[in-house]
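**Q** Quick note: the sequence shown, position 111, residue 111 per our numbering, numbers continuous. Idealized CB from N, CA, C, for every residue including glycine.
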Amino acid sequence: MREYLRIFTNRRLWLGFGIILVFNMFFFWQAQKDGNYGMNLSANFSDSADLSFGLNGEIIDQTMDADPVRCHRIYRNLLRKYQSMDTLTAQAELEQMKQELGLLTEIYIIVQNQDQYYYEDQYEKYRLKYAPYIKKFQQGIWTREDVKSLTVAVDALLAQLSYLNGYEEYLDGIRENKDRLLAFSVFNDTDGFSGRNIIRTAGDFEKLAGISLSLGADGAVNAFLDFPLTDYLLLLTLIMVCLSFLEEREKGLWCIVHAAPSGRIRLAALRTGILFCVSAGASILLYGSDLYMGLAIYGGGIGLGRAAQSVELLGKLPQVCTVGGFLAQYFMMRIVSAFVLAMLLWLLLSAVHDVKLTIAVLAFFLSVEYVLYRFLPVQNLFGILKYFNIFTYIHLSDLYTNYLNADLFGYPAGIRRISQAALLPLGLACVVWGAVLSCIQKPAGGKSGLVRLAWLWNSVKDRMLRRLGLFGMEFYKLLFLQRGIVTAALFVYAALGLTFAVPVQDSTMPMVLTREYLMQWEGELNEETQKQIASVQKEIDMAADDLKRAQRQYDSGEIDYTQLDGCIRENEAAGIKQQALQRVQSRVNELQILSAEKGEKLWLLDESAYESIYGEAAGEQRQRAALVGLLAVILLLAGCFAYETKSGMNRVARTAVNGRGKWVLTKLSMALLVTTAVWGLIYGREVYTMINTCRTGTLRAPVQSLAMLTDFPVPCSIGTFLMLLYGYRWLMLVCSVFLVLCLSFRMKRMESAYLAGVGVLLPSLLYHYIGIVPFRFLSLSVPVTAMDLLLPGNGSVRGACAAGSLMMVVGIGSLCLIRKTVSCGNRSEK
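#1: Measure the beta-carbon distance from residue 434 to residue 343 and round it to whole angstroms, keeping in mind my assumption that it falls under 8 Å.
#2: Would you call the stretch 193-206 and the stretch 65-76 touching, i.e. three or more CB-CB distances under 8 Å?
#3: Could you pull the start and end residues of the beta strand (DSSP E) that residue 413 belongs to?
#4: Confirm, please, whether the CB-CB distance from residue 518 to residue 588 is below 8 Å.
#5: Classify residue 710 as helix, strand or coil using the three-state DSSP reduction.
#6: So, helix, strand or coil for residue 521, using DSSP?
#7: Name the one or two DSSP bridge partners that residue 307 has.
#8: What does the Cβ neighbour count give for residue 640, buried or exposed, with the cut at 16 atoms within 10 Å?
#9: In the structure shown, what three-state DSSP assignment does residue 470 receive?
#10: Who are residue 406's beta bridge partners in DSSP?
#11: Is it the case that the stretch 207-219 contacts the stretch 79-90, given that we only count it when at least three CB pairs across the two stretches are under 8 Å?
#12: Classify residue 178 as buried or exposed, calling it buried when 16 or more other Cβ atoms lie within 10 Å of its own Cβ.
#13: Count Cβ pairs between the stretch 23-39 and the stretch 227-237 that sit closer than 8 Å; are there 3 or more?
#14: Could you pull the start and end residues of the alpha helix (DSSP H) that residue 690 belongs to?
#15: What span of residues does the alpha helix (DSSP H) with residue 242 cover, start to end?
#16: Just to confirm the assignment, what range does the alpha helix (DSSP H) spanning residue 194 have?
#17: Less than 8 Å between the beta carbons of residue 132 and residue 204, yes or no?
#18: Looking only at C-alpha atoms, which of 208, 373, 501, 591 sits nearest to residue 707?
#19: Tell me which residue opens and which closes the alpha helix (DSSP H) that residue 783 is part of.
#20: Using a Cβ-Cβ cut-off of 7 Å (strictly less than) and excluding sequence neighbours within five positions of residue 49, which residues of its own chain qualify?
#21: Restricting to Cα atoms, I'd like to know which of 811, 629, 754 is closest to residue 686.
#22: With C-beta atoms as the reference, is residue 835 less than 8 Å away from residue 738?
#23: Keeping to the same chain, check which residues put their C-beta closer than 6 Å to that of residue 678; ignore five residues upstream and five downstream.
#24: Would you report the Cα separation of residue 726 and residue 492, rounded to the nearest angstrom?
#25: Note down the Cα distance separating residue 821 from residue 438, rounded to an integer number of angstroms.
#26: Confirm, please, whether the CB-CB distance from residue 23 to residue 233 is below 8 Å.
#27: Sort 76, 10, 12, 18 by Cα distance to residue 39 and report the nearest one.
#28: Per DSSP, residue 603 forms a beta bridge with which residues?
#29: Could you check if residue 823 is buried or exposed, using at least 16 other CB atoms within 10 Å of its CB as the buried criterion?
#30: Report, in whole angstroms, the separation of the C-beta atoms of residue 603 and residue 736, which I expect to be a contact under 8 Å.
#31: What's the C-alpha gap between residue 807 and residue 398?
#32: With DSSP run on the structure shown, which of helix, strand or coil describes residue 556?
#33: From residue 369 to residue 231, what distance separates their C-alpha atoms?
#34: Could you tell me which of 141, 403, 341, 405 sits nearest to residue 427, measuring between CA atoms?
#35: Is residue 785 buried or exposed, if buried means 16 or more other CB atoms sit within 10 Å of its CB?
#36: Residue 213 to residue 307, Cα distance in whole Å?
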């Protein structure tokens, strides 16, 4: 029982699992938010509109801005209304509602554009026919957001009903497909795999004939099955527990434990029981939290008594069961598969004598298994290795959401059945193997080939390390002894996946034309700019005169309606040009006033390119980049001094000749180099994005030419401003690193240092992802992004200077504390 107490009272394991559970719940919620709670916000609700000049596209694009929370709330209200109704009747009513929404969209567009020549006649016709609808739009009782949200919700419910009403037809298609394929000579050989597979597929789905599907809230089950991060967090939990079994080897106690009366078979039995308890508990807590949060977000009316196939994601499950029965079966399978995975991991780690090689062996094993699972073709001679694989049991939901028969010696075998049937013999084999291995494996046994190879490598490595010097040795400790190379690899992967610009959506023709004019007339404001504007205005006026002339000629019978219609369309195009020109002229007037105030000539620019990277719309991308950079430097450097304290080297280093000055200076130099590398990779990619998005010639323009930086007090070019911006970001990142190093110096354990470092990021996470505004003033990511302190409405130059000064005080203060601790020692060490 002491082994149970040792594991289940291990604070590090409980803390690690607590962090994993919180991360799982947070990212599950974030995934649902990013997925718009299952709502398709790009739903086209203007199918019935027959309009021109891109106005349909404007409304459809603006649908992307619909509030997903509001759409989902309307969807849930509609679901409650139609849930008890026959699905065919519900679908017919919703299709009628969708047509009415299309009409409302058309009315809205005509009301908004009634002053345009092309819509005058249509508005008069609609005003008489749909007067109550038009009145509600004009009075603001109905808004575009109401129509958008209702349309998105109706589309979501219609898609669900279309699946339910078409499922019987789907089953009939499988039966018809069987007869049709067997008629071909290629497939009619029932002694071959193809023929047997066709017959087997039809036979499996034949069990579902006549099944009754019903409407319900499917969002919780869909989210529960479509969140793979939980699978990997469960695997991480099992690895943590398995590694804790190796502590006696790390402490040199293996020989004593192995020689004890209960140190072999009984210890193995106890650890087998521990792994089962951990597998069951972790599976229930992790996946239970997913299901609980799914019910909280999407509503609890999932209908446990409904047929499982009522959920579209389970439509390919050839098994008659209810949603509740499926969930119970899934949790049982999840617990058993987690137990088998845990046993495999424990036996794999136990088989390696050298503790230092266990992580390498485990990483190699998981890499091989993942490559087989991910890249091996489905129908292959070795296809069984794709599904008789550790990752099959990690991604367990794929067995229920996909139907596939593997070629097993010429006979089709369902991957779900193979995996389920293999669990019992695998579990028994692992238990027996664990008992045998604990008895026959001796701590003082002969050196294996793997250990001899490791000894040879270590001897070569030691010769190389002697030549590295102090700076090189510190880097070696950071990358290999502190496992920083794993963090570095993950950081590079995350940094390469970052985006730094938001797409510029020109949803209307005037906006598109405005950008064209700005790019065409880009440059310093002068008389030539006004001449070009006047030239376009003259063309617009000529189009208006031509329309008036054509109207008189049409009234007098000189021209037919086709010629008049051509003039009308030219005038409409001129009207769009007029709107674009008014926007350009307005911006020119603003720049002229600013030029007079500031005493320098500003430029007319297409600011959308800079707005897409440095503007308010790209705030989320900037914060994500800053958080990735901060997390990378924290995980890389938080253990820098804590590692020395844990190893007992702090006192030794301080007694050495260079242990108080040069040693600390070397560590700080290494931290600066690491910080610069992180800063360079992240913001180097942002600069690359800027160069490919913006015209490099505009970097010479005064920075006040940009509307978002009109109030910037320093007269400089955009290029100079960007240099100051990136320098400021580097300085803020360095100050954050000094704070982390100071915390590392005060910690005795690596785990505590990492937790303290991640704790520094907590205010940033609470501010940016939860929305708790007071934490903005404690957030490190805000000064690192810098632009959020400069943009109008969010801050000012004074705020940026104040934040920078405060961060520098924190950084310098941290350095002073480090220096004092090195000189005088830490009281906790005395």
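**A** Considering the structure as presented:
#1: By 1-based counting over the sequence shown, the position of residue 434 is 434. By 1-based counting over the sequence shown, the position of residue 343 is 343. Their Cβ separation, rounded to whole angstroms, is 6 Å, which keeps residue 434 and residue 343 in contact under 8 Å.
#2: Not touching, per the Cβ criterion.
#3: In the sequence shown, the residue the question calls residue 413 occupies position 413. Annotation: the continuous beta strand (DSSP E) that includes residue 413 extends over 411-414.
#4: On the sequence shown, position 588 is the one that residue 588 refers to. On the sequence shown, position 518 is the one that residue 518 refers to. No, the Cβ-Cβ distance between residue 588 and residue 518 is not below 8 Å.
#5: Working through the sequence shown from its first residue, we reach residue 710 at position 710. Note: residue 710 maps to coil in three-state DSSP.
#6: Translated into positions along the sequence shown, residue 521 becomes position 521. Three-state result, residue 521: coil.
#7: Locating residue 307 in the sequence shown gives position 307, where the first residue counts as 1. Bridge partners of residue 307: 322.
#8: The residue you call residue 640 lines up with position 640 of the sequence shown. With a 10 Å radius around the Cβ and a threshold of 16 neighbouring Cβ atoms, residue 640 comes out buried.
#9: In the sequence shown, residue 470 corresponds to position 470, counting from 1. In the structure shown, residue 470 adopts helical secondary structure according to DSSP, grouped into three states.
#10: Your numbering for residue 406 matches position 406 in the sequence shown. Under DSSP, residue 406 forms a beta bridge with 413.
#11: Verdict: yes, contact present.
#12: Locating residue 178 in the sequence shown gives position 178, where the first residue counts as 1. Classification for residue 178: buried.
#13: Touching, yes.
#14: Along the sequence shown, one-based indexing puts residue 690 at 690. Boundaries of the alpha helix (DSSP H) around residue 690: 662-693.
#15: The count along the sequence shown starts at 1 and reaches residue 242 at position 242. DSSP places residue 242 inside the alpha helix (DSSP H), whose first and last residues are 229-244.
#16: Taking the sequence shown and counting its residues from 1, one reaches residue 194 at position 194. Residue 194 -> alpha helix (DSSP H) spans 193-206.
#17: Along the sequence shown, read from residue 1 onward, the residue named residue 132 stands at position 132. Along the sequence shown, read from residue 1 onward, the residue named residue 204 stands at position 204. The Cβ-Cβ distance between residue 132 and residue 204 does not fall below 8 Å.
#18: Here residue 707 refers to the residue found at position 707 when the sequence shown is read from its first residue. Cα-wise, what sits closest to residue 707 is 591.
#19: Residue numbering aside, residue 783 sits at position 783 when the sequence shown is read from its first letter. Residues 781-785.
#20: On the sequence shown, residue 49 is found 49 positions in, with the first residue counted as 1. In this predicted model, residue 49 has a pLDDT of only 43, less than 50, meaning its place in the structure is not dependable; the value taken from the coordinates is given anyway. Cβ within range, chain order: 56, 102, 105, 106, 109.
#21: What you label residue 686 is simply residue 686 of the sequence shown in a count that begins at 1. Minimum Cα distance to residue 686 is reached at 629.
#22: Within the shown structure, residues of the chain are numbered from 1 to 830, placing residue 835 beyond reach of any answer.
#23: For the purposes of this step, residue 678 is taken as residue 678 along the sequence shown, with counting starting at 1. Same-chain partners within the cutoff: 629, 632, 633.
#24: Against the sequence shown, residue 726 aligns to sequence position 726. Against the sequence shown, residue 492 aligns to sequence position 492. Each residue's Cα considered, the two are about 20 Å apart.
#25: As a first step, residue 821 must be located in the sequence shown, where it is residue number 821. As a first step, residue 438 must be located in the sequence shown, where it is residue number 438. Roughly 47 Å between the two C-alpha positions.
#26: Position 233 of the sequence shown, counting from 1, holds the residue named residue 233. Position 23 of the sequence shown, counting from 1, holds the residue named residue 23. In this structure, residue 23 lies closer than 8 Å to residue 233 by Cβ.
#27: Position 39 of the sequence shown holds residue 39. Looking at the Cα atoms, 76 is the closest of the given residues.
#28: Numbered from 1 along the sequence shown, position 603 holds the residue referred to as residue 603. Its beta-bridge partners are 524.
#29: Here residue 823 corresponds to residue number 823 of the sequence shown, with the count starting at 1. The residue in question, residue 823, is exposed, as its Cβ has fewer than 16 Cβ neighbours within 10 Å.
#30: Your numbering for residue 603 matches position 603 in the sequence shown. Your numbering for residue 736 matches position 736 in the sequence shown. About 35 Å; that fails the 8 Å criterion.
#31: Along the sequence shown, one-based indexing puts residue 807 at 807. Along the sequence shown, one-based indexing puts residue 398 at 398. For the pair residue 807 and residue 398, the Cα-to-Cα distance works out to about 48 Å.
#32: Here residue 556 is taken as the residue at index 556 of the sequence shown, counted from 1. Secondary structure at residue 556: coil, using DSSP grouped into helix, strand and coil.
#33: Along the sequence shown, one-based indexing puts residue 369 at 369. Along the sequence shown, one-based indexing puts residue 231 at 231. Between residue 369 and residue 231, the C-alpha separation is close to 15 Å.
#34: Your numbering for residue 427 matches position 427 in the sequence shown. Considering only alpha carbons, the answer is 341.
#35: Position 785 of the sequence shown, counting from 1, holds the residue named residue 785. Residue 785 comes out buried.
#36: Here residue 213 refers to the residue found at position 213 when the sequence shown is read from its first residue. Here residue 307 refers to the residue found at position 307 when the sequence shown is read from its first residue. So the alpha carbons of these two residues sit roughly 6 Å apart.
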